[in-house]
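Asker: Keeping their order, the protein sequence lines are chains C and E.
Here the first sequence is numbered in full-length UniProt numbering, starting from 1 and rising by one per residue.
Here the second sequence is numbered in full-length UniProt numbering, starting from 1 and rising by one per residue.
There are 2 protein chains.
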Amino acid sequence: MVNEQSEQLDAVFHALADPTRRAMLRNLAREPHSVSDLAAPFAMSLVAASKHIRVLERAGLVRRQITGRTHICHLDARPMHGGLEWMRHYEQYWHRSLDDLETLLRAEDAAAQKPAGSDRK
Amino acid sequence: MVNEQSEQLDAVFHALADPTRRAMLRNLAREPHSVSDLAAPFAMSLVAASKHIRVLERAGLVRRQITGRTHICHLDARPMHGGLEWMRHYEQYWHRSLDDLETLLRAEDAAAQKPAGSDRK
DNA sequence: ATGTAACTTAACCATATGGTTAATGAACAA
DNA sequence: TTGTTCATTAACCATATGGTTAAGTTACAT
Numbered sequence: 001m002v003n004e005q006s007e008q009l010d011a012v013f014h015a016l017a018d019p020t021r022r023a024m025l026r027n028l029a030r031e032p033h034s035v036s037d038l039a040a041p042f043a044m045s046l047v048a049a050s051k052h053i054r055v056l057e058r059a060g061l062v063r064r065q066i067t068g069r070t071h072i073c074h075l076d077a078r079p080m081h082g083g084l085e086w087m088r089h090y091e092q093y094w095h096r097s098l099d100d101l102e103t104l105l106r107a108e109d110a111a112a113q114k115p116a117g118s119d120r121k
Numbered sequence: 001m002v003n004e005q006s007e008q009l010d011a012v013f014h015a016l017a018d019p020t021r022r023a024m025l026r027n028l029a030r031e032p033h034s035v036s037d038l039a040a041p042f043a044m045s046l047v048a049a050s051k052h053i054r055v056l057e058r059a060g061l062v063r064r065q066i067t068g069r070t071h072i073c074h075l076d077a078r079p080m081h082g083g084l085e086w087m088r089h090y091e092q093y094w095h096r097s098l099d100d101l102e103t104l105l106r107a108e109d110a111a112a113q114k115p116a117g118s119d120r121k
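#1: Taking all protein chains shown into account, do 16 or more other C-beta atoms lie within 10 angstroms of the C-beta of residue 63 of chain C, making it buried, or fewer, making it exposed?
#2: With DSSP collapsed to three states, give me the class of residue 113 of chain E.
#3: For residue 13 of chain E, decide whether its Cβ has a neighbour in chain C, counting only Cβ atoms nearer than 8 Å.
#4: Going by beta carbon distance, what residues of the same chain come within less than 8 Å of residue 86 of chain E, once the five residues before and after it are set aside?
#5: Give me the chain C residues within the contact set of residue 83 of chain E, using Cβ-Cβ distance strictly less than 8 Å, ordered along the chain.
#6: Residues of the segment 64-79 of chain C with a CB closer than 8 Å to any CB of chain E: list them in chain order, please.
#7: What residue range is occupied by the uninterrupted alpha helix (DSSP H) comprising residue 81 of chain C?
#8: Could you tell me which uninterrupted alpha helix (DSSP H) segments, each at least 4 residues in length, are contained entirely in the UniProt domain "HTH arsR-type" (1-95) of chain E, listed from first to last along the chain?
#9: Take residue 20 of chain C as the anchor and find which of C:40, C:92, C:7 and C:94 has the nearest alpha-carbon.
#10: So the candidates are E:93, E:49 and E:59; which of them puts its Cα closest to the Cα of residue 33 of chain E?
#11: Nearest to residue 29 of chain C by alpha carbon, out of C:43, C:77 and C:3?
#12: Which chain C residues sit within Cβ distance under 8 Å of residue 10 of chain E?
#13: For the candidate residues E:71, E:13, E:15 and E:27, whose alpha-carbon lies nearest to that of residue 93 of chain C?
#14: I'd like to know whether the C-beta of residue 29 of chain E is nearer than 8 Å to at least one C-beta of chain C.
#15: From this set, C:57, C:68 and C:89, which residue's C-alpha is nearest residue 122 of chain C's C-alpha?
#16: Out of curiosity, what's the CA-to-CA distance linking residue 70 of chain C and residue 54 of chain C?
#17: As a quick exercise: from C:73, C:88, C:81 and C:37, pick the residue whose alpha carbon is nearest that of residue 80 of chain E.
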């Protein structure tokens with residue numbers, strides 16, 4: 001029972017950390033797709049694509065509606081909300097980061113001027 | 001080279017898909033920390049924490065300033081921008097997801113009522 | 001000069017991830 | 001019935017991940 005919220009974030013961010021899965025979500029944003037249709041654009045076996053879909057499902061980003069032998073996958077974007085909010089919190093630090101980085105680079109510059117122990121192995 | 005942008009997203013989302021690393025970023029948002037300071041709150045070895053920091057660095061979310069034997073880590077939130085924009089694109093689908101889900105659940109309801117699946121439009 | 005503190009690298013381990021092929025099952029078509 | 005299609009499970013493989021301890025490197029303190 002570590003943290004329900006945190007595990008949700010783990011699952012969502014992990015699901016998004018793969019180009020195949022992001023592309024699948026892009027396709028699902030247009031309209032629902034069967035597993036085969038979802039898999040078709042990718043140079044991998046149906047089994048591999050199916051595993052990706054399961055990862056998306058585990059993150060709650062995809063819902064599956066079974067009709068006969070075909071599984072129709074629907075996008076459920078709601079779990080992204082938490083991730084989006086998490087990241088949005090850091091928007092304020094982008095500019096601060098720029099300032100920090102400037103300071104940092106100036107410091108490195110200064111260090112580079114010094115002849116002392118700035119040598120690399 | 002697959003796609004520069006895509007690999008950046010891979011790295012950022014992967015870096016964020018771990019509670020330890022997210023906590024580290026939270027701490028770095030307050031102020032820069034040395035590696036030891038960053039590692040201190042966690043029940044793991046310094047080596048393990050150091051690996052997490054390297055993942056954050058690989059994603060560009062942390063910059064390191066070496067001063068003597070201590071490494072000061074700075075937050076650089078900028079790489080989050082791409083991820084945030086990616087997710088923001090799906091905000092519009094949250095409500096659509098709700099509608100779809102309703103339809104989906106109603107369909108499942110209907111299917112549950114029917115004795116043998118034979119209803120296609 | 002010696003010791004200690006801050007980190008990294010190296011080696012190792014268990015489990016997870018991303019892929020494969022082969023076999024299976026269930027639904028549809030003939 | 002027979003065959004084909006949609007998708008899964010099973011078994012396997014290579015590599016990545018997240019952790020460990022031990023050993024090394026470099027800077028600082030005494």
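Glycine residues also receive a C-beta, built at the ideal position from the N, C-alpha and C atoms.
Answerer: Working from what's here:
#1: It counts as buried.
#2: Because the pLDDT of residue 113 of chain E is 39, which lies under 50, any placement of that residue in the model is unreliable, and the number read from its coordinates should be weighed accordingly. Judged by DSSP in its simplified three-state form, residue 113 of chain E adopts helix.
#3: Residue 13 of chain E counts as touching chain C.
#4: Excluding sequence positions up to five before and after residue 86 of chain E, its CB lies within less than 8 Å of the CB of 9, all in the same chain and listed in chain order.
#5: Neighbours of residue 83 of chain E on chain C, chain order: 16 and 87.
#6: Within the segment 64-79 of chain C, the qualifying residues are 65, 67, 68, 74, 75, 76, 77 and 78.
#7: Counting along the chain, the alpha helix (DSSP H) containing residue 81 of chain C begins and ends at 80-88.
#8: For the UniProt domain "HTH arsR-type" (1-95) of chain E, the continuous alpha helix (DSSP H) assignments of 4+ residues that do not extend past its boundaries occur at 4-16, 19-30, 35-39, 46-58 and 80-88, in sequence order.
#9: Residue 20 of chain C has its Cα closest to that of C:40, out of C:40, C:92, C:7 and C:94.
#10: Of E:93, E:49 and E:59, the residue nearest in Cα terms is E:49.
#11: Looking only at C:43, C:77 and C:3, the smallest Cα-Cα distance to residue 29 of chain C is reached by C:77.
#12: Proximity of chain C to residue 10 of chain E at the Cβ level (cut-off 8 Å) is accounted for by 17, 18 and 19, in chain order.
#13: Taking only the C-alpha atoms, the option nearest residue 93 of chain C is E:27.
#14: Chain C contact via Cβ: present.
#15: In the structure as shown, chain C begins at 1 and stops at 121. Residue 122 of chain C is therefore absent and cannot be evaluated.
#16: Those two C-alpha atoms are separated by around 15 Å.
#17: Per the Cα distances, C:88.
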